[in-house]
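Peer 1:
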Amino acid sequence: DTAVSQTPKYLVTQMGNDKSIKCEQNLGHDTMYWYKQDSKKFLKIMFSYNNKELIINETVPNRFSPKSPDKAHLNLHINSLELGDSAVYFCASSRSAGGNQPQHFGDGTRLSIL
Amino acid sequence: GENVEQHPSTLSVQEGDSAVIKCTYSDSASNYFPWYKQELGKGPQLIIDIRSNVGEKKDQRIAVTLNKTAKHFSLHITETQPEDSAVYFCAAVNYGQNFVFGPGTRLSVLP
């Protein structure tokens with residue numbers, strides 16, 4: 013059983029399109045995250061949700077809109093895709109939002125903008 | 194805010210040798226330091242972590258040491274095997290704050 017699962021694994025699309033990435037965790041965790049990993053492998057947090065409520069928004073353009081229908085799911089919708097959005101996006105979860113808890117990552121969604 | 198540096202950026206070792214990766218952090222209030230291993234096409238996987246009230250932690254071939262005074266912590270892998278080849282990330286975090294990751298170390302274990 014996959015603990016944190018993301019779909020799709022690959023996403024290739026044209027500039028200007030709108031796309032969504034879905035994430036689900038079956039660990040019973042309260043907190044979920046979205047990270048962006050650029051071509052140099054640098055991992056940077058984008059958003060964090062605790063019990064369906066947004067707690068971190070790290071200066072991400074408002075073209076990115078996360079949605080958490082319940083605490084086991086955190087989806088990421090991206091409008092008007094730009095070339096610079098090409099990256100690998102990782103979903104993660106942790107037991108609580110304290111910050112000093114292990115985070116469990118999914119296997120990522122590789123987004124390529126043509 | 195927190196800033197984490199990680200060295201070296203790439204590391205090649207012969208199978209059976211030891212590998213050491215070092216991270217330094219800037220925020221003296223950081224109190225949790227996890228290490229992650231990322232294999233090709235996979236997400237980062239936690240391999241070991243240490244909290245600020247502990248100086249060293251071991252798990253089989255992997256160990257982490259923490260020097261709070263100098264604000265650095267290190268990952269030690271002994272008896273390296275080809276399957277240890279991956280990108281390793283350290284992170285530092287204070288309670289209530291985000292994880293701040295280092296830039297990663299690409300470890301290659303040569304057979």
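Heads up: the sequence lines are chains A and B, in that order. Each number in our numbering comes from the position in the first sequence (counting from 1) with 12 added on. Each number in our numbering comes from the position in the second sequence (counting from 1) with 193 added on. In this text, a Cβ means the ideal position worked out from N, Cα and C, and glycines have one as well. Here the structure is a predicted model, which means the values were calculated and not measured.
1. List the residues of chain B that Q115/A touches, going by C-beta distances under 7 Å, in chain order.
2. Give me the Cα-Cα distance between I68/A and G111/A, rounded to the nearest whole angstrom.
3. Is P237/B close to chain A? Criterion is C-beta to C-beta, closer than 7 Å.
4. Cα separation between K264/B and I270/B?
5. I think V257/B touches F266/B, with their Cβ atoms under 8 Å apart; what is that distance to the nearest whole Å?
6. Could you spell out where the beta strand (DSSP E) holding T43/A opens and where it closes?
7. With 7 Å as the threshold, decide whether the Cβ of N112/A is near any Cβ in chain B.
8. Residues of the region 48-59 of chain A with a CB closer than 7 Å to any CB of chain B: list them in chain order, please.
9. For L239/B and P227/B, what's the separation of their Cα atoms in angstroms?
10. Helix, strand or coil: which one does DSSP assign to G39/A?
11. Within the continuous beta strand (DSSP E) that includes T298/B, where are the two ends?
Peer 2: The short version:
1. F292
2. 11 Å
3. yes
4. 20 Å
5. 6 Å
6. T43 to Q49
7. It does: the Cβ of N112/A has a partner Cβ on chain B nearer than 7 Å.
8. K53, F54, L55 and I57
9. 7 Å
10. A small correction: the amino acid at residue 39/A is Leu; Gly does not occupy that position in the sequence shown. L39/A: coil per DSSP, three-state reduction.
11. T298 to L303
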